[in-house]
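> The sequence shown begins at 9 in the numbering used here and counts up by one.
Ideal Cβ positions, reconstructed from N, Cα and C, are used throughout, including at glycine.
To start, I am sharing the structure in question, which I have written as structure tokens.
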Amino acid sequence: MIKLSVVVPCFNEEDVVEFFDARMRQVLDTLQVDYEICYVDDGSSDGTLGKLREIATRHPGHTQYASFSRNFGKEAAMLAGLRKAAGDAVVIMDADLQHPPELLGRMLDLYHQGHDQVIARRTREGDKKIRSALSRTYYRAVNRWVDVEIMDGVGDFRLLSRPAVDALLSLPEYNRFSKGLFSWIGFDAVTFDYKNAAREGGETKWKFSSLVNYGMDGLISFNNRPLRIALWLGMVLTGLAALYVVWVVVNALTQGVTSPGYVTLVAIIVGLGGVQMMMLGLIGEYIGRIYYETKRRPHFLVKETHRSPARSAVERTRLASTEREH
Ligand code: UDP
Ligand code: MG
9 MIKLSVVVPC FNEEDVVEFF DARMRQVLDT LQVDYEICYV DDGSSDGTLG
59 KLREIATRHP GHTQYASFSR NFGKEAAMLA GLRKAAGDAV VIMDADLQHP
109 PELLGRMLDL YHQGHDQVIA RRTREGDKKI RSALSRTYYR AVNRWVDVEI
159 MDGVGDFRLL SRPAVDALLS LPEYNRFSKG LFSWIGFDAV TFDYKNAARE
209 GGETKWKFSS LVNYGMDGLI SFNNRPLRIA LWLGMVLTGL AALYVVWVVV
259 NALTQGVTSP GYVTLVAIIV GLGGVQMMML GLIGEYIGRI YYETKRRPHF
309 LVKETHRSPA RSAVERTRLA STEREH
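Listed below in structure tokens is the structure:
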């Protein structure tokens, strides 16, 4: 019997995490697997951690949890979960039940057929029209620029075999863009579609601006091809400038000196200034990444796990026992 680990990043999910846990275990009990669920509390400010403690005491041996000292982001939470997971196969799932647990059986079947990555792709049915149009355009652009293939509708919901998990864990980078990393490691991947479900409770942590930032990360994380734009643009503009000079000289020689347009001049200065700023920002992005990588900071800090309870709890029992002694 194989061992299956389910990794669940949770950030302020007190409304749904118990609901998730119950439904998940119902499904897991019907499958022919030995299982564990690894919850990672990503520095929630609500009662999520308390709920996780309860779940862990209710199902000892089948539950792990780790709680971060603050919010480090979903990428860090997934990494922590993957490090903790001991299974032969690992599934990454959201806590909000947008990833239906019922699909696990199908994923396991595909895993048993020898696939190392079983990817669930959500259909965009029920999404807001402009949102899905925007994402589609984005993915088309990204795939033109980036070496790895990033599919529309594919998120972090997937099953990974042990070799695939180990491959992911061997990538030490600080700036983690999982969608790209999953694709970068390769292995035998298979994709199937599922219908997108609405959140069961709580609310999404994505604002539009964070989506845009995430999008930029995707463009910049995988190679330095965007820097090439700067080179190309520079060459094209230099060429145009040279042509313009030739034209002005020829004009002056054939028709006498003419005074050039003021508006044209301003437009060129401002336009070029904008292009230069953009390119400088782009270079800055790469330097920023180098800066973060060279610090070699850990991806996350853990303050509590199912094995080492919170200091406050330990303190309380210690105090209680010293009181008894007196
Ligand atoms: N999440 C997390 N850390 C964060 C933000 C989100 O661990 O900083 C978790 C969240 O608890 C959920 C999953 O990542 O389990 C997906 O988040 P969400 O549902 O907000 O994203 P959406 O489904 O809207 O893309
Ligand atoms: Mg969600």
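Can you tell me the Cα-Cα spacing of A206 and V244, whole angstroms?
Taking the first residue of the sequence shown as position 1, residue 206 is located at position 198. Taking the first residue of the sequence shown as position 1, residue 244 is located at position 236. A206 and V244: Cα-Cα distance of roughly 48 Å.
> Which residue wins for smallest C-alpha separation from L239, given the options T212, V154, L290 and I277?
Residue mapping note: residue 239 aligns to position 231 of the sequence shown, counting from 1. Answer by Cα proximity: L290.
> Using only the heavy atoms of the ligand UDP, determine whether one of them is closer than 7 Å to the beta carbon of Q125.
Locating residue 125 in the sequence shown gives position 117, counting from the first residue. No - the ligand UDP has no heavy atom lying nearer than 7 Å to the Cβ of Q125.
> Which residues have a Cβ closer than 6 Å to any heavy atom of the ligand UDP, listed in chain order?
After applying the 6 Å Cβ criterion, the set is P17, C18, F19, E21, D50, N79, G81, K82, A85, D102, A103, D104, Q106, T212, K213 and W214.
> If you follow the alpha helix (DSSP H) that A172 is part of, which residue opens it and which one closes it?
Your numbering for residue 172 matches position 164 in the sequence shown. R170 to L177 is the span of the alpha helix (DSSP H), which, as asked, contains A172.
> Should K203 go down as buried or exposed, given a rule of 16 or more other Cβ atoms within 10 Å for buried?
On the sequence shown, position 195 is the one that residue 203 refers to. Its Cβ having fewer than 16 others within 10 Å, K203 is exposed.
> May I ask whether a heavy atom of the ligand MG can be found less than 7 Å away from the beta carbon of R166?
Locating residue 166 in the sequence shown gives position 158, where the first residue counts as 1. No; taking the cut-off as 7 Å, the Cβ of R166 has no heavy atom of the ligand MG nearer than that.
> Measuring CA to CA, which of E22, P17, Q72 and D174 is closest to P317?
Counting from one through the sequence shown, the residue named residue 317 turns up at place 309. Closest option to P317, Cα to Cα, is Q72.
> The ligand MG heavy atoms versus the CB of R207: any closer than 7 Å?
If you number the sequence shown from 1, residue 207 lands on position 199. True, at least one ligand heavy atom lies under 7 Å from that Cβ.
> Between F216 and V254, what straight-line distance do the alpha-carbon atoms span, to the nearest angstrom?
One-based indexing of the sequence shown puts residue 216 at position 208. One-based indexing of the sequence shown puts residue 254 at position 246. Taking the straight line joining both Cα atoms gives about 47 Å.
> Quickly, what does DSSP pair S13 with across the bridge? List them, please.
In the sequence shown, counting from the first residue as 1, residue 13 sits at position 5. In the DSSP output, where bridge partners are listed per residue, S13 has E44 and V98.
> Do A275 and the ligand FMN come close, with the Cβ less than 7 Å from some heavy atom?
The ligand FMN is not among the ligands present in this structure, which contains only the ligand UDP and the ligand MG.
> Is the distance from the Cβ of N3 to the Cβ of F19 below 8 Å?
What is shown of the chain runs 9 to 334, which leaves residue 3 out entirely.
> Quick check on G194: does DSSP put it in helix, strand or coil?
The sequence position of residue 194 within the sequence shown is 186, counting from 1. Correct three-state label for G194: coil.
> Is it buried or exposed for M101, if we count other Cβ within 10 angstroms and need 16 for buried?
The residue given as residue 101 occupies position 93 in the sequence shown. Buried, because 16 or more other Cβ atoms sit within 10 Å of the Cβ of M101.
> For D174, count neighbouring C-beta atoms within 10 Å of its own C-beta (all shown protein chains included) and say buried if the count is 16 or more, exposed if not.
Counting from one through the sequence shown, the residue named residue 174 turns up at place 166. Flag for D174 reads exposed.
> Would you call V274 buried or exposed, if buried means 16 or more other Cβ atoms sit within 10 Å of its Cβ?
Your numbering for residue 274 matches position 266 in the sequence shown. So V274 ends up on the exposed side.
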